[in-house]
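For reference, the structure discussed in these notes is given below.
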Amino acid sequence: MKRLTEQYNGEWVTEHAEEMDYFLIKGKAIDRLAAYEDSELTPEQVATLKAENEMLKSLTSDIPLERLEEICKAEKENRLITLPKCPQCGLVNAWSIGKKYCDRCGANLNGCDV
Ligand SMILES: [Zn+2]
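For what it's worth, the numbering used here labels the leading residue of the sequence shown as 1, then goes sequentially.
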């Protein structure tokens, strides 16, 4: 996409042509347009990034950055597993071979997907 702004004497400006006369427009609106153009993103790309960012923030809000880095590194190295939990009370690792009921709440574990 062609830029609408350019630097002129240290300021962001845009050209405006009116019949045979050219003049430059500058000001806060042009500065904001220039900042947007610096992103090199379309409005649709900005909207997509904003939605993705909000989803990531909601998914990771309680997890410290260092822990997220550790989890992502483990995933990339195929070292990440998730422990099963009881679908009723949430007890982690409530499942084991031959176990039919949750130790904490007594929920029937047969036939439940983890
Ligand atoms: Zn349970």
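Yeah, the Cβ is synthetic: ideal placement off N, Cα and C, and Gly gets one too. The structure displayed is predicted, hence computed values, not measured ones.
Figure out for me which residue from L83, S39 and L4 has the closest Cα to the Cα of L24. It is L4 whose Cα lies nearest to the Cα of L24.
Within the structure, which residues are defined as neighbours of ligand 1 by a Cβ-heavy atom distance below 5 Å, reported in chain order? Those satisfying the condition are, in chain order, C86, Q88, C89, L91, C102, R104, C105 and A107.
DSSP three-state assignment for Q45, whether helix, strand or coil: Three-state result, Q45: helix.
Going by other Cβ atoms of all chains shown within 10 Å of its Cβ, with 16 needed for buried, is A74 buried or exposed? Exposed.
Strictly by DSSP, which residues pair up with L8? In the sequence as presented, Leu is not what sits at residue 8; that position holds Tyr. According to DSSP, which records beta bridges pairwise, Y8 is partnered with E11.
Enumerate in chain order the residues of its own chain whose CB-to-CB distance from L68 is below 7 Å, with the five nearest sequence positions on each side excluded. Excluding residues up to 5 positions away in sequence, T60 lie with their Cβ nearer than 7 Å to the Cβ of L68 in the same chain.
Checking the sheet assignment: what are the DSSP bridge partners for N108? Per DSSP, Y101.
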